[in-house]
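Engineer: Numbering of the sequence shown is given in our numbering, commencing with residue 144 and proceeding in unit increments.
One structure follows; several queries about it will come next.
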Amino acid sequence: MYDFVVVGVGPAGARFSRRAAENGYDVLALEQGTVGTPLACSGHVSTDIWAFTGEGAREELFQNEVYGARFHVGGPHSESYPFYKDEVASNVIDRVGLDRHLAELAREAGADVREEHTVTAVTERRDRVEVVANGPDGTVSFEAKMLAGCDGARSRVRDELSLPQPGELLHGVLAFSEEDDHENFVDVHLTAPTFFAWRIPRGEAGVEYGLAAPPGVQVNKHFRELIDGYEIDVSHRCSGAIPIDPPDRVTSRRAFLIGDAAAQTKPFTGGGILYGMTCADHAAREIDPERPVTLAAYEHAWRDDLAREQELGRYLRRAYSFPEPLQHVGLGALSGEIGVHMDRPTSLVSPTHLKAMLSRLRS
Numbered sequence: 144m145y146d147f148v149v150v151g152v153g154p155a156g157a158r159f160s161r162r163a164a165e166n167g168y169d170v171l172a173l174e175q176g177t178v179g180t181p182l183a184c185s186g187h188v189s190t191d192i193w194a195f196t197g198e199g200a201r202e203e204l205f206q207n208e209v210y211g212a213r214f215h216v217g218g219p220h221s222e223s224y225p226f227y228k229d230e231v232a233s234n235v236i237d238r239v240g241l242d243r244h245l246a247e248l249a250r251e252a253g254a255d256v257r258e259e260h261t262v263t264a265v266t267e268r269r270d271r272v273e274v275v276a277n278g279p280d281g282t283v284s285f286e287a288k289m290l291a292g293c294d295g296a297r298s299r300v301r302d303e304l305s306l307p308q309p310g311e312l313l314h315g316v317l318a319f320s321e322e323d324d325h326e327n328f329v330d331v332h333l334t335a336p337t338f339f340a341w342r343i344p345r346g347e348a349g350v351e352y353g354l355a356a357p358p359g360v361q362v363n364k365h366f367r368e369l370i371d372g373y374e375i376d377v378s379h380r381c382s383g384a385i386p387i388d389p390p391d392r393v394t395s396r397r398a399f400l401i402g403d404a405a406a407q408t409k410p411f412t413g414g415g416i417l418y419g420m421t422c423a424d425h426a427a428r429e430i431d432p433e434r435p436v437t438l439a440a441y442e443h444a445w446r447d448d449l450a451r452e453q454e455l456g457r458y459l460r461r462a463y464s465f466p467e468p469l470q471h472v473g474l475g476a477l478s479g480e481i482g483v484h485m486d487r488p489t490s491l492v493s494p495t496h497l498k499a500m501l502s503r504l505r506s
């Protein structure tokens, strides 16, 4: 009988496994394949990422630093509107390497991390949760006092326990080119219906191109247009679902969701690495496997932390669908130096950002 069985060893699952093990709990973490693969998420993150990693992580994972973004209403050769800081705003990292690094930290803390274990069934009992998985040696069963579902946008745990779905699932596509690019700006294209496309320089690791849009949109067609506009060849193409808008409940009798499984993501970018690990920390602090009532404390804690950020993020996303003339006017009026944190929309009213805006007005 484990204290926790964790399904999924991405950033959220690895972070919770590590923190729960550090708290003295007996943790089993199951990953359906090899940790970090297949890649289905961008490696562009805020510099806050290093607060969640271990010694030597930056030297191992760092690829490039970014000072700002150029926004385009059209394609690669259209007019751009730069938004930037006078200091490093974000980093580009080895995304596969990050997952493996975080999983290793969980192992070092005492969690039993097992790869090649695909969960096929979850059953909640009054006093435990039963988990069935297909492993390298056949079917295996485990019991735990509680279960953490950290298994992504199309969560098997969420479905097995009939927990509510995210409000929306976007379709995201990624691909990579091999050209070296140490430029310190990313490019954002407001050409995908209700969302956007991007280009992220990764130093010697090449360039990442991506696009996300809701179901029903011809994502592959829009992505081909993006790649054709840049006149480059790409490889290592991958795709995945991006959950937006968390459901009203991410806990059951003895189970809880973290990360993409709970749609703990930024509505205006789809990113969820930092949000997921932040929520993993809330779960590790609040949840006692001997006391299922503590699941309510987790629900309150993560929502109190992220609710305003996600609500403001939804308003920001609406601007992606403004008429093109209005987008030009808005971007032209607001572009320039900013003081905004890429994970916290509430920083739009921070002293740092307001100071940058006032300085721009004076000039």
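C-beta: ideal position from N, C-alpha, C; glycine also.
Below 6 Å CB to CB, which residues in the same chain sit around residue 255 once its five sequence neighbours on both sides are set aside?
Structural biologist: Only 171 meet the Cβ criterion.
Engineer: Considering only C-alpha positions, which residue in the set 415, 363 and 301 is nearest to residue 291?
Structural biologist: Of 415, 363 and 301, the residue nearest in Cα terms is 301.
Engineer: I'd like the span of the beta strand (DSSP E) that includes residue 314, first residue to last.
Structural biologist: Per DSSP, residue 314 belongs to the beta strand (DSSP E) from 311-320.
Engineer: Helix or strand or just coil, what does DSSP make of residue 239?
Structural biologist: It is helical.
Engineer: Consult DSSP for residue 442 and reduce its assignment to one of helix, strand or coil.
Structural biologist: If DSSP states are grouped into helix, strand and coil, residue 442 belongs with the helices.
Engineer: Mind the definition here: the region 245-252 touches the region 156-166 only if three or more C-beta pairs lie below 8 Å; say whether that holds.
Structural biologist: Yes: at least three Cβ pairs fall under 8 Å.
Engineer: Mapping the DSSP letters down to three states, classify residue 370 as helix, strand or coil.
Structural biologist: Of the three classes helix, strand and coil, the one that applies to residue 370 here is helix, per DSSP.
Engineer: Which value, in whole angstroms, describes the spacing of the CA atoms of residue 298 and residue 195?
Structural biologist: Using only the alpha carbons, I get a separation of about 24 Å.
Engineer: Which full runs of the beta strand (DSSP E) of 3+ residues lie inside the region 356-415, going along the chain?
Structural biologist: You should have 378-387 and 398-400.
Engineer: Could you please give the first and the last residue of the uninterrupted alpha helix (DSSP H) stretch that includes residue 471?
Structural biologist: Taken as a continuous stretch (DSSP letters only), the alpha helix (DSSP H) holding residue 471 covers 467-477.
Engineer: Quick one: Cα of residue 310 to Cα of residue 190, how far?
Structural biologist: Roughly 29 Å between the two C-alpha positions.
Engineer: Could you have a look at residue 146 and say whether DSSP puts it in helix, strand or coil?
Structural biologist: Three-state DSSP puts residue 146 in a strand.
Engineer: For residue 144, which residues of its own chain have a beta-carbon under 6 Å away from its beta-carbon, when the five flanking residues on both sides are left out?
Structural biologist: The residues are 286.
Engineer: Could you please give me the residues that DSSP links to residue 261 through a beta bridge?
Structural biologist: Paired residues: 277.
Engineer: Should residue 477 be labelled buried (16 or more other beta-carbon atoms within 10 Å of its own) or exposed?
Structural biologist: Exposed is the call here.
Engineer: What three-state label does DSSP hand residue 489 in the structure shown?
Structural biologist: Three-state DSSP puts residue 489 in a helix.
Engineer: If we ignore side chains and look at the alpha-carbon of each, how far apart do residue 471 and residue 455 end up?
Structural biologist: Near 21 Å, if we compare the C-alpha coordinates of residue 455 and residue 471.
Engineer: Looking at residue 340 and residue 354, is the spacing between their C-beta atoms short of 8 Å?
Structural biologist: Yes, they are a contact pair.
Engineer: For residue 234, list the residues DSSP reports as bridge partners.
Structural biologist: 188 and 208.
Engineer: Decide if the region 197-212 is in contact with the region 225-235; the criterion is three or more beta carbon pairs, one per stretch, under 8 Å apart.
Structural biologist: Touching, per the Cβ criterion.
Engineer: Here's a check: name, in chain order, each residue in its chain whose Cβ is nearer than 7 Å to the Cβ of residue 376, leaving out the five neighbours to either side.
Structural biologist: Cβ neighbours of residue 376 beyond the five flanking positions: 320.
Engineer: Between which residues of its own chain and residue 215 is the CB-CB distance below 8 Å, once the five residues before and five after are set aside?
Structural biologist: Cβ neighbours of residue 215 beyond the five flanking positions: 221, 222, 223, 224, 330, 331, 332, 333 and 334.
Engineer: Residue 325 bridges to which residues according to DSSP?
Structural biologist: DSSP, once it has assigned bridges, lists no residue as partnering residue 325.
Engineer: What does DSSP give as the partner residues of residue 224 in its beta bridges?
Structural biologist: BP columns for residue 224 point to 214.
Engineer: Buried or exposed for residue 263, going by 16 or more other Cβ atoms inside 10 Å?
Structural biologist: Result: exposed.
Engineer: By Cβ distance, which residues of its chain are closer than 7 Å to residue 452, with the 5 residues on each side in sequence left out?
Structural biologist: Once the five neighbours on either side are set aside, the close Cβ partners of residue 452 are 487, 488 and 489.
Engineer: Going by the CB atoms, is the gap between residue 475 and residue 465 shorter than 8 Å?
Structural biologist: Cβ atoms of residue 465 and residue 475: not closer than 8 Å.
Engineer: Under 8 Å by Cβ, that's how I've got residue 192 and residue 417 pegged, so tell me the actual separation to the nearest angstrom.
Structural biologist: Right, the Cβ-Cβ distance comes to about 7 Å (below 8 Å), so this counts as a contact.
Engineer: Tell me the residue span of the alpha helix (DSSP H) that contains residue 183.
Structural biologist: Element bounds for residue 183: n/a, residue is neither H nor E.
Engineer: Measuring only the C-alpha atoms, how far is residue 258 from residue 200?
Structural biologist: Cα-Cα distance, rounded: 22 Å.
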